[in-house]
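To keep things clear, I will list the structure first and then write my remarks on it.
Protein chains: 2
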Amino acid sequence: MTKQVRAARTRQALIRSAAIVFEQHGYAQARLALISSGAGVSTGALHFHFENKAAVAQAVVAEASHGLLAVSSSIRRRTDTALQTLVDTSHALVDLLARDPVTRAGFRLSCDGVRGDEPGLPAQWQRCVGELLDEAAAAGTLAEDVSRTDATAATVAATTGFEVLGRYESEWLSAPTPTGFWRLLLPRLATPETLPLLDPSGTAAAAEAVATGPDGHRTSGVGAAAPI
Amino acid sequence: MTKQVRAARTRQALIRSAAIVFEQHGYAQARLALISSGAGVSTGALHFHFENKAAVAQAVVAEASHGLLAVSSSIRRRTDTALQTLVDTSHALVDLLARDPVTRAGFRLSCDGVRGDEPGLPAQWQRCVGELLDEAAAAGTLAEDVSRTDATAATVAATTGFEVLGRYESEWLSAPTPTGFWRLLLPRLATPETLPLLDPSGTAAAAEAVATGPDGHRTSGVGAAAPI
Numbered sequence: 001m002t003k004q005v006r007a008a009r010t011r012q013a014l015i016r017s018a019a020i021v022f023e024q025h026g027y028a029q030a031r032l033a034l035i036s037s038g039a040g041v042s043t044g045a046l047h048f049h050f051e052n053k054a055a056v057a058q059a060v061v062a063e064a065s066h067g068l069l070a071v072s073s074s075i076r077r078r079t080d081t082a083l084q085t086l087v088d089t090s091h092a093l094v095d096l097l098a099r100d101p102v103t104r105a106g107f108r109l110s111c112d113g114v115r116g117d118e119p120g121l122p123a124q125w126q127r128c129v130g131e132l133l134d135e136a137a138a139a140g141t142l143a144e145d146v147s148r149t150d151a152t153a154a155t156v157a158a159t160t161g162f163e164v165l166g167r168y169e170s171e172w173l174s175a176p177t178p179t180g181f182w183r184l185l186l187p188r189l190a191t192p193e194t195l196p197l198l199d200p201s202g203t204a205a206a207a208e209a210v211a212t213g214p215d216g217h218r219t220s221g222v223g224a225a226a227p228i
Numbered sequence: 001m002t003k004q005v006r007a008a009r010t011r012q013a014l015i016r017s018a019a020i021v022f023e024q025h026g027y028a029q030a031r032l033a034l035i036s037s038g039a040g041v042s043t044g045a046l047h048f049h050f051e052n053k054a055a056v057a058q059a060v061v062a063e064a065s066h067g068l069l070a071v072s073s074s075i076r077r078r079t080d081t082a083l084q085t086l087v088d089t090s091h092a093l094v095d096l097l098a099r100d101p102v103t104r105a106g107f108r109l110s111c112d113g114v115r116g117d118e119p120g121l122p123a124q125w126q127r128c129v130g131e132l133l134d135e136a137a138a139a140g141t142l143a144e145d146v147s148r149t150d151a152t153a154a155t156v157a158a159t160t161g162f163e164v165l166g167r168y169e170s171e172w173l174s175a176p177t178p179t180g181f182w183r184l185l186l187p188r189l190a191t192p193e194t195l196p197l198l199d200p201s202g203t204a205a206a207a208e209a210v211a212t213g214p215d216g217h218r219t220s221g222v223g224a225a226a227p228i
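One line per chain: the protein sequences are A and B, in this order. UniProt numbering puts the first residue of the first sequence at 1, with every later residue one more than the last. UniProt numbering puts the first residue of the second sequence at 1, with every later residue one more than the last.
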């Protein structure tokens with residue numbers, strides 16, 4: 001293993017450990033010594049990668065945003081319509097929020113005001129939803145009387161709510177919740193011709209993207225494209 | 001002013017001060033001395049009313065829940081349909097989240113897992129939305145192919161999202177946000193005959209309920225009904 005690969009792995013281990021420590025103790029109470037020991041390295045190694053706690057938090061947020069972007073792009077390649085990509089990506093995001101500490105911490109830190117050079121996770125999701133609705137409109141699959149701004153806001157706000165409410169009631173972050181949301185919303189969003197083609201419970205593309213996503217996710221710090 | 005009235009006022013002042021301190025410092029960091037001094041009383045006076053910090057937090061949550069219930073009942077008396085009451089109550093809740101520290105702290109403490117004997121604010125809101133949708137269904141104003149469970153979940157999750165996203169971007173908690181949500185959702189929820197009767201931007205009842213609500217809210221600890 002080259003030095004560069006080792007350094008990248010350590011960085012990813014630190015990000016993952018930080019996500020877990022931020023979740024357990026909160027950002028204010030999180031100690032760097034706990035983050036480094038969780039990654040199996042010294043605090044010196046942590047400081048080689050990150051200047052301070054804020055830099056670690058920003059890296060967690062950036063990692064979570066990149067993960068969402070990778071998952072969304074992967075789903076887009078495997079689905080026929082932008083609206084199905086939107087449904088599938090929301091399912092993948094809910095699944096990641098339920099199971100992946102980096103995505104969850106990235107979301108919470110963004111909501112708690114941690115700001116880096118890159119957009120936080122809700123902002124990244126908002127951009128993604130907006131672009132997919134633009135694409136649906138351009139393809140003529142979005143109902144004409146729907147405001148894309150309204151639909152983007154409702155989708156982003158509801159997903160944010162699922163995460164917050166899911167902290168203490170896990171069914172908010174299980175598949176039936178986004179399925180119910182799309183069962184309600186799709187008949188309003190899609191043209192009558194497109195609606196029968198859409199599955200509110202998501203297609204196999206969502207599960208596949210999440211299954212391959214964490215790998216792409218963990219290796220994204222290496223600077224190489226995800227190999228799968 | 002009788003002793004009883006004075007005690008009730010002190011209790012309300014403590015709840016309000018606690019809401020502000022919880023918001024500024026977080027629950028874990030909030031000091032009781034800061035809460036009592038914010039209410040202009042001694043820590044002894046605080047301990048006369050509340051056993052510990054958890055009891056203060058539960059009182060904030062209960063106060064916020066009662067406030068929402070009072071506002072919703074007041075709106076129901078002034079609107080013609082259950083769906084308009086739902087729209088108006090969501091506008092009132094968003095307005096309270098933007099302006100009233102007790103509602104905001106009650107919401108956040110509930111989301112952060114503070115549990116008392118009474119339901120937290122999102123749970124109270126969920127019950128309220130569910131009941132109004134049941135009423136709309138019974139009155140034949142709800143579209144027949146809409147699942148009330150789905151509509152309740154989407155409304156509660158989106159409102160929760162507005163609060164979280166509004167912490168750093170205030171437009172999430174301004175009137176255009178719930179208006180956009182209902183502009184999107186009402187054509188799906190309401191029967192074609194009911195839709196033209198509904199105003200997604202809310203009626204005067206919402207603003208009136210919030211204007212009189214905080215009074216009812218502040219005096220609710222006295223055990224008397226709101227006089228207005």
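The beta carbon of each residue, even a glycine, is placed where N, CA and C say it ideally should be.
Looking at the secondary structure, which residues open and close the alpha helix (DSSP H) in which aspartate 88 (chain A) lies? On the first sequence, residue 88 (chain A) is found 88 positions in, with the first residue counted as 1. 82 to 99 is the span of the alpha helix (DSSP H), which, as asked, contains aspartate 88 (chain A).
Would you check if the distance between the CB atom of threonine 79 (chain B) and the CB atom of aspartate 88 (chain B) is smaller than 8 Å? Taking the second sequence and counting its residues from 1, the one referred to as residue 79 (chain B) is at position 79. Taking the second sequence and counting its residues from 1, the one referred to as residue 88 (chain B) is at position 88. Yes, the Cβ-Cβ distance between threonine 79 (chain B) and aspartate 88 (chain B) is below 8 Å.
For the alpha helix (DSSP H) containing arginine 9 (chain B), list its first residue and its last residue. Within the second sequence, numbered from 1, the residue matching residue 9 (chain B) stands at position 9. Counting along the chain, the alpha helix (DSSP H) containing arginine 9 (chain B) begins and ends at 3 to 25.
Would cysteine 111 (chain A) pass as an interface residue toward chain B - the criterion being a Cβ-Cβ separation below 8 Å? Here residue 111 (chain A) refers to the residue found at position 111 when the first sequence is read from its first residue. Chain B contact via Cβ: present.
For leucine 14 (chain B), does the count of other Cβ atoms within 10 angstroms reach 16, so buried, or fall short, so exposed? Working through the second sequence from its first residue, we reach residue 14 (chain B) at position 14. Buried.
Beta-bridge pairing of leucine 142 (chain A) - partner residues as DSSP gives them: Walking along the first sequence from the start, residue 142 (chain A) turns up at place 142. Per DSSP, A:Ala190.
At a cut of 8 Å, does the stretch 173 to 180 of chain B reach the stretch 116 to 135 of chain B through at least three beta carbon pairs? No: fewer than three Cβ pairs fall under 8 Å.
Can you name, in chain order, every residue of its own chain whose Cβ lies under 6 Å from the Cβ of arginine 218 (chain B), other than the five neighbours on each side? Within the second sequence, numbered from 1, the residue matching residue 218 (chain B) stands at position 218. Its pLDDT being 40, under 50, arginine 218 (chain B) is placed unreliably in this model, and the value from its coordinates should be taken loosely. The residues are Gln12.
Check whether chain B comes within 8 Å of glycine 202 (chain A), counting only Cβ atoms and requiring the distance to be less than that. For the purposes of this step, residue 202 (chain A) is taken as residue 202 along the first sequence, with counting starting at 1. For glycine 202 (chain A), the answer is no, since every Cβ of chain B falls outside 8 Å of its Cβ.
Below 8 Å, how does it come out for the stretch 178 to 193 of chain B and the stretch 107 to 120 of chain B: are there three or more Cβ pairs, yes or no? The stretch 178 to 193 of chain B, when compared against the stretch 107 to 120 of chain B, does not touch it at the 8 Å Cβ threshold.
Within 8 Å of any Cβ in chain A, is that where the Cβ of glycine 106 (chain B) sits? For the purposes of this step, residue 106 (chain B) is taken as the residue at position 106 of the second sequence. Chain A has no Cβ within less than 8 Å of the Cβ of glycine 106 (chain B).
Compare the C-beta of serine 170 (chain A) against all C-beta atoms of chain B and say whether one is closer than 8 Å. Counting from 1 along the first sequence, the entry for residue 170 (chain A) is found at position 170. Closer than 8 Å: no.
Alpha-carbon spacing of valine 102 (chain A) relative to aspartate 145 (chain A), whole angstroms: Taking the first sequence and counting its residues from 1, the one referred to as residue 102 (chain A) is at position 102. Taking the first sequence and counting its residues from 1, the one referred to as residue 145 (chain A) is at position 145. Taking the Cα positions, valine 102 (chain A) is about 38 Å away from aspartate 145 (chain A).
Return the CA-CA distance between arginine 16 (chain B) and phenylalanine 50 (chain B), expressed in angstroms with no decimal places. For the purposes of this step, residue 16 (chain B) is identified with residue 16 of the second sequence, where counting begins at 1. For the purposes of this step, residue 50 (chain B) is identified with residue 50 of the second sequence, where counting begins at 1. Between arginine 16 (chain B) and phenylalanine 50 (chain B), the C-alpha separation is close to 14 Å.
Mind checking if leucine 165 (chain B) is an interface residue toward chain A, Cβ cutoff 8 Å exclusive? For this step, residue 165 (chain B) is matched to residue 165 along the second sequence. It does: the Cβ of leucine 165 (chain B) has a partner Cβ on chain A nearer than 8 Å.
Can you name the start and end residues of the alpha helix (DSSP H) that valine 41 (chain A) belongs to? For the purposes of this step, residue 41 (chain A) is taken as residue 41 along the first sequence, with counting starting at 1. First-last for valine 41 (chain A): undefined, no H or E at that position.
Starting from alanine 151 (chain B), find everything on chain A with Cβ-Cβ shorter than 8 Å and list it in chain order. Here the question's residue 151 (chain B) lines up with position 151 in the second sequence. Chain A residues near alanine 151 (chain B): Leu184.
Identify which residue in B:Ser37, B:Gln124, B:Thr159, B:Val5 has its Cα closest to the Cα of alanine 62 (chain B). What you label residue 62 (chain B) is simply residue 62 of the second sequence in a count that begins at 1. Nearest neighbour of alanine 62 (chain B) by Cα position, chosen from B:Ser37, B:Gln124, B:Thr159, B:Val5, turns out to be B:Gln124.
So, under 8 Å CB-CB, leucine 86 (chain B) and threonine 159 (chain B) are touching, yes? Tell me the CB distance rounded to an integer number of Å. Position 86 of the second sequence holds residue 86 (chain B). Position 159 of the second sequence holds residue 159 (chain B). Contact doesn't hold; Cβ gap of about 11 Å is too wide.
Could you tell me the distance, in whole angstroms, from the CA atom of phenylalanine 22 (chain A) to the CA atom of lysine 53 (chain A)? Residue mapping note: residue 22 (chain A) aligns to position 22 of the first sequence, counting from 1. Residue mapping note: residue 53 (chain A) aligns to position 53 of the first sequence, counting from 1. Answer to the nearest angstrom: the Cα atoms are 10 Å apart.
So, helix, strand or coil for serine 65 (chain A), using DSSP? As a first step, residue 65 (chain A) must be located in the first sequence, where it is residue number 65. Three-state result, serine 65 (chain A): helix.
Could you compute how far the alpha carbon of serine 42 (chain B) sits from the alpha carbon of alanine 33 (chain B)? Walking along the second sequence from the start, residue 42 (chain B) turns up at place 42. Walking along the second sequence from the start, residue 33 (chain B) turns up at place 33. Looking at the two C-alpha atoms, the distance is approximately 8 Å.
Can you pull the chain A neighbours of threonine 85 (chain B), defined as C-beta to C-beta under 7 Å? Counted from its first residue, the second sequence places residue 85 (chain B) at position 85. Within chain A, no residue has its CB atom less than 7 Å from the CB of threonine 85 (chain B), the nearest being about 19 Å off.
Cβ-Cβ distance between leucine 109 (chain B) and alanine 57 (chain B) below 8 Å: Sequence index remark: in the second sequence, residue 109 (chain B) carries index 109 (1-based). Sequence index remark: in the second sequence, residue 57 (chain B) carries index 57 (1-based). Cβ atoms of leucine 109 (chain B) and alanine 57 (chain B): closer than 8 Å.
Are any of the Cβ atoms in chain A nearer than 8 Å to that of arginine 148 (chain B)? Position 148 of the second sequence, counted from the first residue, corresponds to residue 148 (chain B). Not closer than 8 Å to any Cβ of chain A, the Cβ of arginine 148 (chain B) fails to qualify, so no.
Can you tell me where the alpha helix (DSSP H) holding alanine 154 (chain B) begins and where it ends? Working through the second sequence from its first residue, we reach residue 154 (chain B) at position 154. Alanine 154 (chain B) -> alpha helix (DSSP H) spans 148 to 166.
Taking the alpha carbon of arginine 104 (chain B) as the point to measure from, which residue in B:Gln29, B:Ser37, B:Gln126, B:Ala18 has its own alpha carbon closest? One-based indexing of the second sequence puts residue 104 (chain B) at position 104. For arginine 104 (chain B), the closest C-alpha among the options B:Gln29, B:Ser37, B:Gln126, B:Ala18 is that of B:Ala18.
Please state whether DSSP places leucine 32 (chain A) in a helix, a strand or coil. Along the first sequence, read from residue 1 onward, the residue named residue 32 (chain A) stands at position 32. Looking at leucine 32 (chain A) - three-state DSSP - the assignment turns out to be helix.
Closest to leucine 46 (chain B) by C-alpha separation, out of B:Thr10, B:His25, B:Gly140, would be which residue? As a position in the second sequence, residue 46 (chain B) is number 46, starting the count at 1. Residue B:Thr10 is the option with its Cα nearest to leucine 46 (chain B).
Supposed close pair alanine 64 (chain A), glycine 106 (chain A) - CB separation, criterion 8 Å: Taking the first sequence and counting its residues from 1, the one referred to as residue 64 (chain A) is at position 64. Taking the first sequence and counting its residues from 1, the one referred to as residue 106 (chain A) is at position 106. The pair is a contact, with the Cβ atoms about 2 Å apart (cut-off 8 Å).
Straight-line gap, glutamate 135 (chain B) to threonine 194 (chain A) (C-alpha atoms, nearest Å): Walking along the second sequence from the start, residue 135 (chain B) turns up at place 135. Walking along the first sequence from the start, residue 194 (chain A) turns up at place 194. Glutamate 135 (chain B) and threonine 194 (chain A) have their C-alpha atoms roughly 32 Å apart.
With a Cβ-Cβ cutoff of 8 Å, do glycine 40 (chain A) and isoleucine 20 (chain A) count as a contact? Working through the first sequence from its first residue, we reach residue 40 (chain A) at position 40. Working through the first sequence from its first residue, we reach residue 20 (chain A) at position 20. Contact check for glycine 40 (chain A) against isoleucine 20 (chain A) fails: the beta carbons are separated by 8 Å or more.
Report all residues from its chain with a CB closer than 6 Å to the CB of serine 74 (chain B); omit the five preceding and five following residues, and keep chain order. One-based indexing of the second sequence puts residue 74 (chain B) at position 74. If we look at serine 74 (chain B) and ignore the five residues flanking it on each side, its Cβ neighbours are Ala209.
Assign proline 200 (chain B) to one of three DSSP states: helix, strand, or coil. Within the second sequence, numbered from 1, the residue matching residue 200 (chain B) stands at position 200. Residue state, collapsed to three classes: coil.
Are any of the Cβ atoms in chain B nearer than 8 Å to that of phenylalanine 22 (chain A)? Within the first sequence, numbered from 1, the residue matching residue 22 (chain A) stands at position 22. No Cβ of chain B is located within less than 8 Å of the beta carbon of phenylalanine 22 (chain A).
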